[in-house]
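The opening position of the sequence shown corresponds to residue 1 in UniProt numbering, with each subsequent residue numbered one higher. A virtual CB, placed ideally from N, CA and C, is assigned to each residue, including glycine. I have placed the structure first, in the form of structure tokens, so that the comments after it can refer back to it.
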Amino acid sequence: MSQKRANTLPLVVILCLALIMIGATALFIWLKSSGEEKDAPTMAFERREKVPTEDGGMAQIGQETTTAGRRTTDADRTEMTTRQGTDAARGAEGTSTVGSTRAETETVEEQVGNSHIQPAHAPMCEEWTTRRSDECAAEEGSIASPVKHGEEEVGTETDPLDWLRPFEYSLNLSLSSDDVQQPSFSMDMQLSILVELNRDTSVIPLHCGSEVDIVGEVRIWSCSAEAFVCVRSMTRLPASSLLLLHLSRPLSASSLLRVQFPLVRVSLTAPNDALFVHVPSRWERHRPWMIGSQFALAGGVRKLFPSIDSPHARAVLRLCLTHTKQTIARSNAPLAFLRDGSLSSSVSSSVSCFRHSPSLPPAQFAFLLFRNLRPVTSLPSSPAISSSQPHIELFIGAHLNPSDYEWAIEESRKTIGRMGRMTGIEYPLEKLTLVSSPLQTGNDAIGALGLAQIRDSWMEYPKFVHTHELLIGQLIRQWTSNVLSLCDQCLQNGFGLYLEWLVGSEQLGVETNAEFDRRLGEARDRLMEGNTKTEGPKECAERMAVVLHMLERTFGAQNITNFVSLLFRRYGWTPRCTSTAELSKLFTTTVGMPEAQRVFDSFLRPSVPSPSQIPLVHISVRPSLSLLRFSQFSSPNVSSLLSIPVEIVDDTLKSVRLVLNTSQLDVPFVASSFAVAQPKSTFARFVYNAENYAKLAKCISKGQKQSDECPAISESMLKNVWDDLCCPTTDEKAPTADVSVQSDDWLSLFRVLTTRGAVNGDCACCMKTEEEAMGGPCRWTWLDRCARVAMPKK
Numbered sequence: 001m002s003q004k005r006a007n008t009l010p011l012v013v014i015l016c017l018a019l020i021m022i023g024a025t026a027l028f029i030w031l032k033s034s035g036e037e038k039d040a041p042t043m044a045f046e047r048r049e050k051v052p053t054e055d056g057g058m059a060q061i062g063q064e065t066t067t068a069g070r071r072t073t074d075a076d077r078t079e080m081t082t083r084q085g086t087d088a089a090r091g092a093e094g095t096s097t098v099g100s101t102r103a104e105t106e107t108v109e110e111q112v113g114n115s116h117i118q119p120a121h122a123p124m125c126e127e128w129t130t131r132r133s134d135e136c137a138a139e140e141g142s143i144a145s146p147v148k149h150g151e152e153e154v155g156t157e158t159d160p161l162d163w164l165r166p167f168e169y170s171l172n173l174s175l176s177s178d179d180v181q182q183p184s185f186s187m188d189m190q191l192s193i194l195v196e197l198n199r200d201t202s203v204i205p206l207h208c209g210s211e212v213d214i215v216g217e218v219r220i221w222s223c224s225a226e227a228f229v230c231v232r233s234m235t236r237l238p239a240s241s242l243l244l245l246h247l248s249r250p251l252s253a254s255s256l257l258r259v260q261f262p263l264v265r266v267s268l269t270a271p272n273d274a275l276f277v278h279v280p281s282r283w284e285r286h287r288p289w290m291i292g293s294q295f296a297l298a299g300g301v302r303k304l305f306p307s308i309d310s311p312h313a314r315a316v317l318r319l320c321l322t323h324t325k326q327t328i329a330r331s332n333a334p335l336a337f338l339r340d341g342s343l344s345s346s347v348s349s350s351v352s353c354f355r356h357s358p359s360l361p362p363a364q365f366a367f368l369l370f371r372n373l374r375p376v377t378s379l380p381s382s383p384a385i386s387s388s389q390p391h392i393e394l395f396i397g398a399h400l401n402p403s404d405y406e407w408a409i410e411e412s413r414k415t416i417g418r419m420g421r422m423t424g425i426e427y428p429l430e431k432l433t434l435v436s437s438p439l440q441t442g443n444d445a446i447g448a449l450g451l452a453q454i455r456d457s458w459m460e461y462p463k464f465v466h467t468h469e470l471l472i473g474q475l476i477r478q479w480t481s482n483v484l485s486l487c488d489q490c491l492q493n494g495f496g497l498y499l500e501w502l503v504g505s506e507q508l509g510v511e512t513n514a515e516f517d518r519r520l521g522e523a524r525d526r527l528m529e530g531n532t533k534t535e536g537p538k539e540c541a542e543r544m545a546v547v548l549h550m551l552e553r554t555f556g557a558q559n560i561t562n563f564v565s566l567l568f569r570r571y572g573w574t575p576r577c578t579s580t581a582e583l584s585k586l587f588t589t590t591v592g593m594p595e596a597q598r599v600f601d602s603f604l605r606p607s608v609p610s611p612s613q614i615p616l617v618h619i620s621v622r623p624s625l626s627l628l629r630f631s632q633f634s635s636p637n638v639s640s641l642l643s644i645p646v647e648i649v650d651d652t653l654k655s656v657r658l659v660l661n662t663s664q665l666d667v668p669f670v671a672s673s674f675a676v677a678q679p680k681s682t683f684a685r686f687v688y689n690a691e692n693y694a695k696l697a698k699c700i701s702k703g704q705k706q707s708d709e710c711p712a713i714s715e716s717m718l719k720n721v722w723d724d725l726c727c728p729t730t731d732e733k734a735p736t737a738d739v740s741v742q743s744d745d746w747l748s749l750f751r752v753l754t755t756r757g758a759v760n761g762d763c764a765c766c767m768k769t770e771e772e773a774m775g776g777p778c779r780w781t782w783l784d785r786c787a788r789v790a791m792p793k794k
């Protein structure tokens, strides 16, 4: 018996030693993986990290978060929210997920249709930091012109958005030096893009400008297969700012990939529209040192790093900035943590990492590095405001007095509160940063979600109304350029401009609507005076804003208010852009009139006429017959007649409103003397018959000033009458509303208008007779333009 015990004792000892070794090995592996994760550059939020305060000190962050955001409970996953008849389901049953080999799908925070950041399922991809990066080496291949893989051809017209759907950009950005004189003054980046394939492909196209230098080897990680995909070759197309990554094997649609660029470099000494760099001279001690992004002006981010650079390619930004300790860093989202960095052995540096942003268009990504600015603090007037609005921080020049700029924070609070009530969507971030920046000439303001900059030369003079307009405009674009995403960028910018006029008039105007009327009138006059065949972004936005006001005058201010609120609540934070057809349908539903859709489509559809094709309406006023005859003449480029709102006022302030949607329309109307169209009610030009013009001419005295004989018509309305008359005259068209009748009254009318100074310039030259024009300064204008005009003669 003792012999058996002696034989089993070594076996027991061996088993115990084996268990101890297995446990030690497991503990070693766990400790090693934890250490590697801590050393790897991630966007994780650490506990009790220090962040800079407004007074220059350091504060602690005691909130613990994770890279995946907050997890949701079972109740959150099945919660159902109903807003204005639209059901939004969240969680496991309400949101689609991307297939993965992971046993559990983690959640990230993204914006889905209301004012709060809601938890929703999004594709998660395992990082490969613990795996070998050389598992797949790029094969030898051609780096020439666009190639063809089977039936798949890519070239200069390729749109990466048709191939890829972006979810997330993880960007680590660092400055090699603060000295612009050093050759190494550049910006280094490590970039990882999480994308989903929209089609079967063996090519991954990305936007990438010629300013971007790709230094490291591009690596692609397949999230579902948990393996690297070989990059066979890389093609750059500078003319179209495209980067084509040719893969060694095709991938199927819906594949989830991480495209990693270990090192991307952009020189800060060469011109780059995506960045502005301001390094003050030694004698400019009060001027700030600043480097920041201006992606909105450059049209996107492609000039800084590879991307799917489309206004409709929304994605989350996870950003870390490495900079010197004397520099302050800001971005879209609030600061998550600040820790010591390792920029170089001779320069002490810091790493500022920010919380992940909401899903934004790439042009709305933003960052700013600066120093030598002073913070402005202002406590809210009531605790209710403090709890419902974001913390607003303002940085101004070091030579300025902070107490003189508390107005900017108070004005920002008012604007944010007004937009929240108007749209039904509260401000989505906890902090908003305003900076007085040395922006370049011609760029008065620039902004993105959470970060707005006003040119310092305007910010230092708050007595100018334009300074307040710039600030209010940037705050309103926090909603219209980020929460809302319209497929027509011109309409989106015009929508923001219209709300800027509306809110600015409420806060700046001494009289009701005085500021709105001023800006509307200036914009309309610029559009009506424009003779160019094409229009720029500014003119296009102004045209859309004027048309939106036309809809307000035609269908009522309350309908426009309801439309704005419903638009944001139904289409706010949607991952895809909202088409003009969807807007038209929503506007018709709001107003409840079929005519509303016809007017909306006539002026806001993508094929709307340009400024050189502004609708022209002929109005024949016949008091003897108690009749108004309207005639619409469409441009050759317009296939169908427009639905044009018209408001007519006579000399006794009697008025009539209608929508002209036919080529000719007769309306009974008793006018004792003359009748004129209200210019602010529509976006069209109007010309009249000679009899009506002759009666209107009695309303002006010498110098184009209003006569006492016509108290019912304002001086601005009278100016619009003569401006509309001059436009068809100089466009080689007869200015008469009676096409079939030629009257000698026109010559006497023209003589009265030129004598009293109602018209000037080329228009006045064309209203002279040939003998009068050839003998004076109008000679060459007459030969060049007026001789071709079919002027009515007896």
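C-alpha of residue 757 to C-alpha of residue 722: approximately 11 Å in a straight line.
Between residue 166 and residue 216, the gap from beta carbon to beta carbon reaches 7 Å or more. For a cut-off of 8 Å, the C-beta gap from residue 304 to residue 212 is around 7 Å, short enough to register as a contact. Look at the segment 351-419 and you find these whole runs of alpha helix (DSSP H), each 4 residues long or longer: 383-388.
Counting of Cβ neighbours within 10 angstroms places residue 632 among the buried residues, the total reaching 16 or more.
For residue 550, the enclosing alpha helix (DSSP H) begins and ends at 537-555. When DSSP reads this structure, residue 647 sits in a beta bridge with 657. At a Cβ-Cβ threshold of 7 Å, residue 477 and residue 501 do not count as neighbours. The alpha helix (DSSP H) runs of length 4 or more contained entirely in the segment 265-347 are, from start to end of the chain, 295-298. Ranked by how close their Cα comes to the Cα of residue 169, the residues 241, 366 and 26 have 366 in first place. Under the three-pair Cβ rule at 8 Å, the segment 283-294 counts as touching the segment 394-404. The C-beta of residue 780 has fewer than 16 other C-beta atoms within 10 Å across all chains shown, which makes the residue exposed. Counting the other CB atoms within 10 Å of its CB gives residue 13 a total below 16, which places it among the exposed residues.
When secondary structure is reduced to three states using DSSP, residue 11 falls in the helix class. For the pair residue 220 and residue 264, the CB atoms are not nearer than the 7 Å cut-off. A contact between stretches requires three or more CB pairs, one per stretch, nearer than 8 Å, and the segment 491-498 fails this requirement with the segment 426-444.
The three-state secondary structure of residue 709, taken from DSSP, is coil.
Put simply, the backbone Cα of residue 647 is about 44 Å away from that of residue 359. Taking residue 447 as the centre and dropping the five residues before and after it, the same chain places the C-beta of 453, 474 and 477 closer than 7 Å to its C-beta, in chain order. When rounded, the separation of the alpha-carbon atoms in residue 437 and residue 272 is 18 Å. Residue 337 is not a Cβ neighbour of residue 320, given a cutoff of 7 Å. Secondary structure note for residue 746: its alpha helix (DSSP H) is the uninterrupted segment 745-755.
Annotated three-state conformation of residue 166 is strand, per DSSP.
A Cβ-Cβ distance of about 6 Å is found for the pair residue 340 and residue 350, placing them in contact under the 8 Å criterion. For residue 582, there is no enclosing beta strand (DSSP E); the residue is found in the alpha helix (DSSP H) stretching over 580-591. Put simply, the backbone Cα of residue 685 is about 19 Å away from that of residue 749. Under DSSP, the beta-bridge partners assigned to residue 228 are 221.
The residue from 483, 280, 625 and 630 with its alpha-carbon nearest to that of residue 571 is 483. By the criterion of a C-beta distance shorter than 8 Å, residue 361 is surrounded in its chain by 310, 311, 312, 313, 314, 481, 482 and 485, once the five residues flanking it on both sides are discounted. In this model, residue 357 and residue 192 are separated by some 15 Å (Cα to Cα). The beta-bridge partner set that DSSP reports for residue 447 consists of 452. The beta carbon of residue 455 sits closer than 6 Å to those of 439 and 444, all from its chain and outside the five residues before and after it, given in chain order. With a cut-off of 8 Å on Cβ pairs, the segment 239-246 is in contact with the segment 187-207, counting three or more such pairs. In summary, residue 412 is buried, with 16 or more beta-carbon neighbours lying within 10 Å of its beta-carbon over all protein chains present.
DSSP places residue 189 in the strand class (E or B) of the three-state scheme. Taking 7 Å as the cut-off, the beta carbon of residue 161 is found no closer than this to the beta carbon of residue 197.
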